[in-house]
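Participant: When we follow the numbering used here, the leftmost residue of the sequence shown carries the number 7, and every step to the right adds one. Note that CB positions come from ideal geometry on N, CA and C, so glycine has one too. Because the structure is a prediction, the values reported are computed rather than measured.
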Amino acid sequence: MQYPYEMENKIVLITGAGSGIGRATAKGFAELGASVILADRNLGAVEQVKNELASINTSIQTVEVDVSNPKSIEQMFSFVEMKYGRLDACVTCAGVISKTKLIELDLEEWNRVMAVNLTGTFLSIQGAYKLMLPNKSGSIVAIASDTAKRGGGRIGTAAYGASKGGVLALVKSIAREMAGSGIRINTICPGPAATEMHHELQPELVAQLAAGIPLGRFANPAEIANAIIFLCSDAASYFYGESMNVDGGVIME
Ligand SMILES: NC(=O)c1ccc[n+]([C@@H]2O[C@H](COP(=O)([O-])OP(=O)(O)OC[C@H]3O[C@@H](n4cnc5c(N)ncnc54)[C@H](OP(=O)(O)O)[C@@H]3O)[C@@H](O)[C@H]2O)c1
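(1) Using a Cβ distance threshold of 8 Å, determine whether the segment 28-41 contacts the segment 117-135, with at least three qualifying pairs required.
(2) Under DSSP, the alpha helix (DSSP H) around T31 begins and ends at which residues?
(3) According to DSSP, simplified to helix, strand and coil, what is Q54?
(4) Output needed for D72: all residues of its chain with C-beta closer than 6 Å, excluding positions within five of it in sequence on either side, in chain order.
(5) Check whether the segment 24-33 and the segment 216-235 are in contact - that is, three or more C-beta pairs closer than 8 Å.
(6) Measuring from the CB of V122, is there a heavy atom of ligand 1 at a distance below 8 Å?
(7) Does the count of Cβ pairs from the segment 84-93 and the segment 46-61 closer than 8 Å reach three?
(8) When every heavy atom of ligand 1 is checked, does at least one fall within less than 8 Å of the C-beta of G158?
(9) Nearest to A217 by CA position, among M203, V256, I194, N192, is which residue?
(10) How about the segment 139-147 and the segment 182-200: do they share at least three Cβ pairs that are nearer than 8 Å?
(11) Taking a contact to mean a Cβ-Cβ separation below 9 Å, would you say L176 touches I103 in this structure?
(12) Excluding the five sequence neighbours on either side, which residues of its own chain have a C-beta within less than 6 Å of the C-beta of S243, listed in chain order?
(13) Take every Cβ of the segment 97-116, pair it with every Cβ of the segment 146-164, and state whether three or more of those distances are shorter than 8 Å.
(14) Sorry if obvious, but does the Cβ on K105 come closer than 8 Å to a heavy atom of ligand 1?
(15) Taking the DSSP output, what are the residues bridged to T98?
(16) Assuming P196 and I219 are in contact, meaning their beta carbons sit under 8 Å apart, how far apart are those beta carbons, in whole angstroms?
(17) Is R223 close to ligand 1? I mean its beta-carbon at under 8 Å from any heavy atom of the ligand.
(18) Should Y135 be labelled buried (16 or more other beta-carbon atoms within 10 Å of its own) or exposed?
(19) Roughly how many whole angstroms lie between the Cα atoms of V212 and K155?
(20) Whose C-beta lies closer than 8 Å to the C-beta of S239 among residues of the same chain, with five residues either side of it excluded?
(21) Just verifying my parser: in three-state terms, what is the DSSP assignment at T125?
(22) Note down the Cα distance separating K178 from D253, rounded to an integer number of angstroms.
(23) Let me know if N261 comes out buried or exposed under the rule of 16 or more other beta-carbons within 10 Å of its beta-carbon.
(24) Taking G22 and A100 to be in contact with their CB atoms under 8 Å, please state how far apart those CB atoms are, rounded to whole angstroms.
(25) Exposed or buried, S151, counting other C-beta atoms within 10 Å across all chains shown (16 or more means buried)?
(26) Go ahead and pull the three-state DSSP assignment for S179.
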């Protein structure tokens, strides 16, 4: 393992790659020379990311996926299999936020969040696992949230927090089940990051939230991407079933 961060010749699939943390992760992998498949429900967004990265990496594919739809997930993995015949890393960034107070949280909103954040993550992990099994190697990184460990704020994140807590438990259970398969799986728990997910937050609220973070600011998406790429690399060969906080000191456990 001379160059443990080596990414050339690696096939990497990123869901939610059209924006925020997924887009930053795509950029990082592209700079390291990986073959990157950018998946998102917004095909135009991933096409734009591909165009932005064209000068540094020409091995980029895009695919439209709705991770809450099993058929769509199946098509995404068929595309990867047809194109490359294998998968080395999978990052499940696709996610939606919900800011709905408990009193107004109806089943439709609850199901919408669960379908993308929890079921979508489960289906993505399952598809990646199937593609990685023949080679008995690969790394899967699921994106949860600090909310999974500490609960959300007062803005009404019950559904979101529950979906992300589910991701943590899902990954721990899968990690035990897939032990010995040669495939690693870990979770990243980002703290607040400056992405489109928070585009509607008023500056006063951002300042208030930032004041509660020991590092005093939201993360740049690239700072989360760095940890994701590390977990996908051979440098993280002994990380397994871990839930890594990348949160400016919010959780500290
Ligand atoms: N930003 C934070 O503070 C923060 C903190 C902790 C955890 N996270 C987690 O990190 C991940 C990335 O978040 P982000 O901040 O980068 O958010 P983002 O900028 O909104 O990016 C999420 C991407 O996922 C896409 N997406 C949503 N639903 C999808 C679906 N059903 N199928 C496929 N793609 C879908 C979004 O498309 P649309 O634009 O069309 O919705 C968007 O392109 C999420 O899982 C989020 O929960 C974020």
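Facilitator: Reading off the structure:
(1) no
(2) Position 25 of the sequence shown holds residue 31. It spans 26-37 - the alpha helix (DSSP H) in which T31 sits, taken as one unbroken run.
(3) Translated into positions along the sequence shown, residue 54 becomes position 48. Residue state, collapsed to three classes: helix.
(4) Stepping through the sequence shown from its first residue, residue 72 is reached at position 66. Once the five neighbours on either side are set aside, the close Cβ partners of D72 are R47, S78.
(5) yes
(6) Counting from one through the sequence shown, the residue named residue 122 turns up at place 116. Under cutoff, so the answer is yes.
(7) no
(8) Counting from one through the sequence shown, the residue named residue 158 turns up at place 152. Incorrect: G158 has no Cβ contact closer than 8 Å to ligand 1.
(9) Within the sequence shown, residue 217 is the residue found at index 211, counting from 1. Measuring from the Cα of A217, the nearest candidate turns out to be V256.
(10) yes
(11) Here residue 176 is taken as the residue at index 170 of the sequence shown, counted from 1. Here residue 103 is taken as the residue at index 97 of the sequence shown, counted from 1. Going by C-beta atoms, L176 is not nearer than 9 Å to I103.
(12) The residue labelled residue 243 in the question sits at position 237 within the sequence shown. Contacts found: none.
(13) yes
(14) As a working mapping, residue 105 is identified with position 99 in the sequence shown. No, ligand 1 has no heavy atom inside 8 Å of this Cβ.
(15) Here the question's residue 98 lines up with position 92 in the sequence shown. Answer is T21, A148.
(16) Here residue 196 is taken as the residue at index 190 of the sequence shown, counted from 1. Here residue 219 is taken as the residue at index 213 of the sequence shown, counted from 1. Wrong, their Cβ atoms sit about 12 Å apart, outside the cutoff.
(17) On the sequence shown, position 217 is the one that residue 223 refers to. Because no heavy atom of ligand 1 lies under 8 Å away, the Cβ of R223 does not count as near it: no.
(18) Within the sequence shown, numbered from 1, the residue matching residue 135 stands at position 129. Buried, because 16 or more other Cβ atoms sit within 10 Å of the Cβ of Y135.
(19) Here the question's residue 212 lines up with position 206 in the sequence shown. Here the question's residue 155 lines up with position 149 in the sequence shown. V212 and K155: Cα-Cα distance of roughly 21 Å.
(20) Locating residue 239 in the sequence shown gives position 233, counting from the first residue. For S239, where only same-chain residues beyond five positions count, the Cβ hits under 8 Å are P10, Y11, E12, M13, S145.
(21) Here residue 125 refers to the residue found at position 119 of the sequence shown. DSSP places T125 in helix when its eight states are reduced to three.
(22) Within the sequence shown, numbered from 1, the residue matching residue 178 stands at position 172. Within the sequence shown, numbered from 1, the residue matching residue 253 stands at position 247. Their backbone Cα atoms lie some 20 Å apart in a straight line.
(23) Residue 261 is absent from the structure shown; the chain starts at 7 and stops at 259.
(24) Within the sequence shown, the letter at position 16 stands for residue 22. Within the sequence shown, the letter at position 94 stands for residue 100. Sure, about 3 Å apart at Cβ, within 8 Å.
(25) By 1-based counting over the sequence shown, the position of residue 151 is 145. Buried.
(26) As a first step, residue 179 is located in the sequence shown; it is residue number 173 there, counting from the start. Three-state DSSP puts S179 in a helix.
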